[in-house]
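Undergrad: Residues 1 to 407 (full-length UniProt numbering) make up the sequence shown, in order. All C-beta atoms in this analysis are idealised placements derived from N, C-alpha and C, irrespective of residue type, glycine included.
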Amino acid sequence: MPTERFQFPGAEGQQLAASLELPEREPLAYALFAHCFTCGKDVLAAKRIAVALAAKGIAVLRFDFTGLGSSEGDFANSTFSSNVADLVRAADHLRETRKAPAILIGHSLGGAAILAAAGQIPDARAVATIAAPSDPAHVTGLFKDRIADIRTQGEVEVSLAGRPFQIKREFLDDIAEQNLMAHVTGLHRALLIMHAPDDDTVSIDNATRIFVAARHPKSFVSLAGADHLLTAKQDAAYVADVIAAWATRYLDPVAPEQDADLGKAPRNVVVRETRNGKFQQAISLGPHRMLADEPVAAGGDDTGPGPYDYVLAGLGACTSMTMRLYAERKALPLERVTVTLKHNKIHAEDCAECETRAGMLDQIDLVIAMEGALDAEQRKRLMEIADKCPVHRTLTSEIRIVTRAAD
């Protein structure tokens, strides 16, 4: 998936470094992502979530706040309010150059900033927070032993995540004046709160306070087993999956004319490496977005089905559809079909009816369950029809695959 890197002017005029993760086709929606305190746009959680959302058709803008990463300015002069102002400016930039963000996503203190900024981003329809504090002042717990010095001296260097940062008295004053719960109560947007029960940086009680203060529609999803920074790839992938599925309820449906392939059969399938993990692939098919991967045991991260899984899924779906069409045409009382498939390598010598006599060959086992008041003859006929599905015929006939290098 393509990534655009550029700069845009922040609220105070500094150039802020940004990355826009784009899908292969026209985005279903644009999202704005706010990273955690003293992190940057390329922190693993932000990058992985952005890439996974882009694979599902949602473009994601993330950027470095003032004085962080590749952005201009002095971090010591930034405050929670200035971060909120930069988020609003980022949304303005998207609106001016692409399309306004319909989805706002914030991680940790970035989640609090997103909640505070949402009221100033009128196009946003859905807001998602990940491990967000209910009070921005919570962040002062990271350097609580230096607060008195900051108050007395006006500015002190503190160590956060092993890196030095200058914190000024103005930061403490600004963050103490925030009333985040008022923003939450007046949000008037769909809200998704995601939090790990065992988060030892921002406790789950923060999620409870945000949820209680918010009005419907609101949702909570537990990130059981995840840590605060979502350092495990599968946790970031899960967050992206949930946000993508949840947000679609609040987005405009994709108009048919937005996709030249929509309704055409066959349609082009585009498979591209995401570079998020060793094997992960983004699959684009018309308006549909999927991921492919390998199991952990095979060196992958198990973020999506494997190649053979998709082959089995195609055969199983085609088998069930073919049986359904026949049952409808013949008015058979078939209520539901369930196809269970398994792929194995077997010794050719164990297959009496196979032409291959030596070595290994592929075997796909299909187990078909049929529900409904069908008699024995109807069940027998449906089983015969199952083997006539087009994908079954393709897999059991001569296949010509033409491979060439792209122009």
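Excluding the 5 residues preceding and the 5 following E4 in the sequence, name in chain order all residues of the same chain whose CB lies nearer than 8 Å to its CB.
TA: Working through the sequence shown from its first residue, we reach residue 4 at position 4. Closer than 8 Å at the Cβ level, and outside the excluded window around E4, lie S19, L20, L22.
Undergrad: In this structure, what does DSSP give as the bridge partners for F165?
TA: For the purposes of this step, residue 165 is taken as residue 165 along the sequence shown, with counting starting at 1. Answer by DSSP bridge pairing, in chain order: V158.
Undergrad: Are the stretch 197-213 and the stretch 129-138 touching, with three or more C-beta to C-beta distances below 8 Å?
TA: Judged by Cβ distances under 8 Å, the stretch 197-213 makes contact with the stretch 129-138, as three or more pairs qualify.
Undergrad: Please report whether the beta-carbon of N77 lies at a distance below 7 Å from any beta-carbon of chain C.
TA: No chain C appears in the structure shown, which is made up of a single protein chain.
Undergrad: Start and end of the alpha helix (DSSP H) containing T338?
TA: For this step, residue 338 is matched to residue 338 along the sequence shown. Where T338 is concerned, there is no enclosing alpha helix (DSSP H), although the beta strand (DSSP E) it sits in stretches over 336-347.
Undergrad: Have a look at F165, A137, C36 and flag the residue whose alpha-carbon is nearest the alpha-carbon of A176.
TA: Locating residue 176 in the sequence shown gives position 176, where the first residue counts as 1. It is A137.
Undergrad: Name, in chain order, the residues that DSSP records as bridge partners for P9.
TA: Along the sequence shown, read from residue 1 onward, the residue named residue 9 stands at position 9. Q15, per the DSSP bridge assignment.
Undergrad: Sort T140, V127, S70 by Cα distance to Y250 and report the nearest one.
TA: In the sequence shown, the residue the question calls residue 250 occupies position 250. Here the closest residue by C-alpha is V127.
Undergrad: With three or more beta-carbon pairs closer than 8 Å as the criterion, would you say the stretch 88-98 touches the stretch 211-225?
TA: no
Undergrad: If contacts are defined as beta-carbon pairs under 8 Å, then I103 and A29 qualify, I think. What distance do you get, rounded to the angstrom?
TA: Numbered from its first residue, the sequence shown carries residue 103 at position 103. Numbered from its first residue, the sequence shown carries residue 29 at position 29. With a Cβ gap of about 6 Å, I103 and A29 count as contacting.
Undergrad: Could you tell me which residues DSSP pairs with H188 in its beta bridges?
TA: As a position in the sequence shown, residue 188 is number 188, starting the count at 1. According to DSSP, which records beta bridges pairwise, H188 is partnered with nothing at all.
Undergrad: Exposed or buried, Q153, counting other C-beta atoms within 10 Å across all chains shown (16 or more means buried)?
TA: Within the sequence shown, the letter at position 153 stands for residue 153. Answer is exposed; the Cβ neighbour count stays below 16.
Undergrad: Taking just the CA atoms, how far does L230 sit from H343?
TA: One-based indexing of the sequence shown puts residue 343 at position 343. One-based indexing of the sequence shown puts residue 230 at position 230. Going by the C-alpha atoms only, they are around 34 Å apart.
Undergrad: Return helix, strand or coil for A124, following the three-state DSSP convention.
TA: On the sequence shown, residue 124 is found 124 positions in, with the first residue counted as 1. It is coil, neither helix nor strand.
Undergrad: Going by the C-beta, is V339 closer than 6 Å to any heavy atom of the ligand GDP?
TA: The model depicted lacks the ligand GDP and carries no ligand whatsoever.
Undergrad: Rounded to whole angstroms, what is the Cα-Cα separation between F65 and V269?
TA: What you label residue 65 is simply residue 65 of the sequence shown in a count that begins at 1. What you label residue 269 is simply residue 269 of the sequence shown in a count that begins at 1. Each residue's alpha carbon lies about 37 Å from the other.
Undergrad: Count the C-beta pairs between the stretch 143-157 and the stretch 165-172 that are closer than 8 Å, then say yes if the count reaches three, no if not.
TA: yes
Undergrad: Taking Cβ positions, are K388 and D301 nearer each other than 7 Å?
TA: Here residue 388 refers to the residue found at position 388 of the sequence shown. Here residue 301 refers to the residue found at position 301 of the sequence shown. Contact: no.
Undergrad: CB G119 to CB A113, shorter than 7 Å?
TA: Numbered from its first residue, the sequence shown carries residue 119 at position 119. Numbered from its first residue, the sequence shown carries residue 113 at position 113. No, Cβ-Cβ distance for G119 and A113 is not below 7 Å.
Undergrad: Just the C-alpha distance for Q258 and L285, rounded to the nearest angstrom, thanks.
TA: Counting from one through the sequence shown, the residue named residue 258 turns up at place 258. Counting from one through the sequence shown, the residue named residue 285 turns up at place 285. The pLDDT assigned to Q258 is 47, lower than 50, so where the model puts this residue is not dependable; a value taken from the coordinates is nonetheless given after this. Our two residues, Q258 and L285, have alpha carbons roughly 13 Å apart in a direct line.
Undergrad: Give the DSSP-derived three-state secondary structure of residue 413 in the structure shown.
TA: Lying before the first or after the last residue shown, residue 413 is absent from the chain, which here runs from 1 to 407.
Undergrad: Does DSSP classify E353 as helix, strand or coil?
TA: Taking the first residue of the sequence shown as 1, we reach residue 353 at position 353. In this structure, E353 counts as coil in the three-state DSSP scheme.
Undergrad: Closest to D200 by C-alpha separation, out of L332, D309, M370, G141, would be which residue?
TA: On the sequence shown, position 200 is the one that residue 200 refers to. D200 has its Cα closest to that of G141, out of L332, D309, M370, G141.
Undergrad: DSSP three-state call for R275: helix, strand or coil?
TA: Along the sequence shown, one-based indexing puts residue 275 at 275. In the structure shown, R275 sits in coil (DSSP, three-state: anything other than H, G, I, E or B).
Undergrad: What does the Cβ neighbour count give for Y238, buried or exposed, with the cut at 16 atoms within 10 Å?
TA: If you number the sequence shown from 1, residue 238 lands on position 238. That one is buried.
Undergrad: Starting from R289, trace the beta strand (DSSP E) both ways and give me its first and last residue.
TA: As a working mapping, residue 289 is identified with position 289 in the sequence shown. 288-292 is the extent of the beta strand (DSSP E) around R289.
Undergrad: So, at 6 Å on beta carbons, what are the nonlocal neighbours of W246 in its own chain, with the 5 sequence-adjacent residues on each side left out?
TA: Here residue 246 is taken as the residue at index 246 of the sequence shown, counted from 1. Only L192 meet the Cβ criterion.
Undergrad: Cα separation between P305 and Q378?
TA: Here the question's residue 305 lines up with position 305 in the sequence shown. Here the question's residue 378 lines up with position 378 in the sequence shown. The straight-line gap from Cα to Cα measures roughly 34 Å.
Undergrad: Hey, out of E353, V337, L361, whose CA is closest to H347's CA?
TA: Counting from 1 along the sequence shown, the entry for residue 347 is found at position 347. Taking only the C-alpha atoms, the option nearest H347 is L361.
Undergrad: Tell me where the beta strand (DSSP E) around L28 begins and ends.
TA: Within the sequence shown, numbered from 1, the residue matching residue 28 stands at position 28. Per DSSP, L28 belongs to no beta strand (DSSP E) and is neither H nor E.
Undergrad: Closer than 6 Å by C-beta to S219: which residues in its own chain qualify, once you throw out the five before and the five after it? Chain order, please.
TA: Mapped onto the sequence shown, residue 219 falls at position 219. Within the same chain, S219 has close Cβ partners L192.
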